[in-house]
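Below you'll find the structure, written out as structure tokens, and then a few comments.
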Amino acid sequence: MIPERAENSRLARAALRRLPAGARRRLYRGEARFCPVCESRLARFLPFGGSGRADAYCPVCESLERHRLHWVYLRERSDLFDGRPRRILHVAPETVLALRLQALPGATYVSADLSDPRAMLRLDLMRLPFEGDAFDAILCSHVLEHVRDDRAAMRELRRVLRPGGIALLPVPPIRAERTSEDPAEADPAERRRRFGHPDHVRRYGRDYPERLREAGFRVEELAAVALVGEAGARRLGLGNGDEVFRCGK
Ligand SMILES: [Zn+2]
């Protein structure tokens, strides 16, 4: 077992990854936590991120809070799991969800990224190479804060979503009232200081859903606690700030 204080490091995670999934599951088995993505019962989630956020990382499938929240949301509040044919677009695909979305019965799955070679297509979100109404579901997580013209990207994502479809476009935790941004800022150190990451050109505020609505989306906001209850949120390792913005058209 890796000492708890050393768990939040790339090295520790790499060591863990080398173990078979069954061994990881046995190592952390318990009843206090549940990962809905890999369906593991766990004693706890591991810390993750620069600030060592507790209860974050699944030691079995590597899911983080946002993966678990949106996976549960799709299970509980969408018809994506009913086996009928669906076209799914996954932008900046996280492996943990890519594997499971691809395996859904009836799914035609497309992944895309600006540069990641693991994605099936290279594309620019501001100009999508798809016809209108092409997808039943779109997952584009922690991407818009990187995009120079996020309003153009939102309009494009809306254009390729079919009426009645579901788009989930989560962004990093929202703390400020208003969005602050500077797409012209090119200095990684300045970007990190102002927006929290060397590749971010904005930090979204409480006005994020408003911006999605301006792009033409209908937006429903749902906090994790409203979705699964307080005890449920704790068990899934979700916090107060975790919420879903469901976009439709
Ligand atoms: Zn998991």
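Heads up, the sequence shown is in our numbering, so the first residue is 1242 and it goes up one at a time. Cβ atoms here follow ideal geometry from the backbone N, Cα and C, with glycine treated the same way. This structure is a prediction, so every number in the text was calculated from the model and none was measured.
Burial check for G1406: the Cβ neighbour count within 10 Å reaches 16 or more, so the residue is buried. In this structure, M1395 lies near F1458, with their beta-carbon atoms less than 8 Å apart.
In the three-state reduction of the DSSP assignment, H1438 falls in the coil class, being assigned neither a helical nor a strand state. A buried status is given to E1484, since no fewer than 16 other beta-carbon atoms sit within 10 Å of its beta-carbon. Rounded to whole angstroms, L1453 and A1262 show a C-alpha spacing of 38 Å. Per DSSP, A1465 lies in no beta strand (DSSP E); the unbroken alpha helix (DSSP H) holding it starts and ends at 1465-1476. Summarising the contact set, residues whose Cβ lies nearer than 5 Å to any heavy atom of ligand 1 are, in chain order, C1276, V1278, C1279, C1299, V1301, C1302, S1304. Linking K1490 to C1381 through their CA atoms gives a straight-line distance of about 16 Å. I1379 is bridged by DSSP to L1330, A1408. Closest option to G1446, judged by alpha-carbon separation, among L1330, G1482, N1249: G1482.
It is roughly 19 Å from the alpha-carbon of R1258 to the alpha-carbon of F1275.
Between P1424 and R1368, the C-beta gap is not smaller than 8 Å, which leaves the two residues out of contact. Sequence-distant partners of R1316 (beyond 5 residues in either direction) whose C-beta falls short of 8 Å from its own C-beta, in its chain, are P1277, F1322.
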